[in-house]
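Novice: Below you will find the structure I want to go over with you.
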Amino acid sequence: MPEQKVGRETVLDAALGLLRERGETALSARTVAERAGCSVQPIYSLFGDMGELVRQLYGHARAWVAAYNREHVDDGRNAFEANGLSHLRLARTERHLFQFLYLSPHMEATSFAEVYESVAINGVQQCIEELGHLSPAAARALYLHMIVYTHGMAAMLVAGAQFSDEELGERLNEAFTGLLTLVR
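So the number in the numbering used here is just where the residue sits in the sequence shown, counting from 1, plus 461.
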């Protein structure tokens, strides 16, 4: 077999670009190949079929979001606030990507524990422990509640809600205060 001139990363980057701009329905071997600057042959030889490309794209997109979150780690008063704001910003500015990652069957979550393990960011639980003077177990419970709550607001943003940053911040603060009493 001849050596591939187009690599896996090039194809995944091309697919990610299409996904971010136009959504998952824009993904086809032809459109990805055009974006990657190749024929469809490398896509099939690298991934076997479009289903496998999309499965690998999910992990590639998750890595992109992890880098995005690292870039925005200082956007809040602390790691916990920055994490919530980053999720909301992603929903507002990267609707197609957000939908692909968190509002589609690709997430394959079967429990809230899996959701937590999938999306929790290092250092945030410790930040919650310090902010709320909580045990690790209570901080984890609060973090999971806030993930679910924040994700609900993010889903509304993806659907077109036009909440102001101030209103989103107020809701997050009220939820944190209320949930803090629940987990203590």
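Think of the CB as a built atom: it goes at the ideal place given N, C-alpha and C, for glycine as much as any other residue.
This one's a predicted model, so the numbers in the text were calculated from it and none came from an experiment.
1. Please classify G512 as buried or exposed, where buried requires at least 16 neighbouring CB atoms within 10 angstroms.
2. Please classify A620: is it buried, with 16 or more other beta-carbons within 10 angstroms of its beta-carbon, or exposed?
3. Between T486 and A615, what straight-line distance do the alpha-carbon atoms span, to the nearest angstrom?
4. Do you know whose CA, among F561, L562, H533 and N544, lies nearest Q587's CA?
5. For the alpha helix (DSSP H) containing T474, name the first residue and the last one.
6. Tell me which same chain residues have a C-beta within less than 7 Å of the C-beta of Q517, skipping the five on either side of it?
7. How big is the Cα-Cα spacing for D626 and L549?
Specialist: In short:
1. exposed
2. exposed
3. For T486 and A615, the distance between alpha carbons rounds to 21 Å.
4. Ranked by how close their Cα comes to the Cα of Q587, the residues F561, L562, H533 and N544 have N544 in first place.
5. It should be noted that the sequence gives Asp, not Thr, for residue 474. Boundaries of the alpha helix (DSSP H) harbouring D474: R469 to R483, taken from the DSSP string.
6. L473 and F508
7. 9 Å
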